[in-house]
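Colleague: My structure is below; once you've seen it, I'll send some questions.
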Amino acid sequence: MEPDAHNPENILPSTKASPAIVAHRHELEKSMLADTLKDKISHRPTPDVLLEKGVLSQDPRVPSDDEA
1 MEPDAHNPEN ILPSTKASPA IVAHRHELEK SMLADTLKDK ISHRPTPDVL
51 LEKGVLSQDP RVPSDDEA
């Protein structure tokens, strides 16, 4: 893992806020990241669209001869 630019030694940042507020902020950031990822996943193209565009050469939902 690369060291954080704001926290190069990967040590907890010093803060004047109470630990409860820091923990709540961390949970909020985690929740916001999860929401962002869910939104991006919901806009992903389906295998059918990728097959039509030529991005996929075969349907990943159908087992190949190797897997059967």
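Under UniProt numbering, the residues of the sequence shown are numbered 1 to 68, in order. Built from N, CA and C at the ideal position, the CB exists for glycine as well.
Hey, quick one: how far does the alpha helix (DSSP H) through K53 stretch, first residue to last?
Modeller: For the purposes of this step, residue 53 is identified with residue 53 of the sequence shown, where counting begins at 1. Per DSSP, K53 belongs to the alpha helix (DSSP H) from 47-53.
Colleague: Secondary structure at A23, three-state DSSP: helix, strand or coil?
Modeller: Within the sequence shown, residue 23 is the residue found at index 23, counting from 1. DSSP places A23 in helix when its eight states are reduced to three.
Colleague: What is the DSSP secondary structure of I41, counted as helix, strand or coil?
Modeller: Taking the first residue of the sequence shown as position 1, residue 41 is located at position 41. In the structure shown, I41 sits in a helix (DSSP, three-state: H, G or I).
Colleague: Does the distance from the C-beta atom of P47 to that of P63 stay below 8 Å?
Modeller: The residue labelled residue 47 in the question sits at position 47 within the sequence shown. The residue labelled residue 63 in the question sits at position 63 within the sequence shown. No. Outside cutoff.
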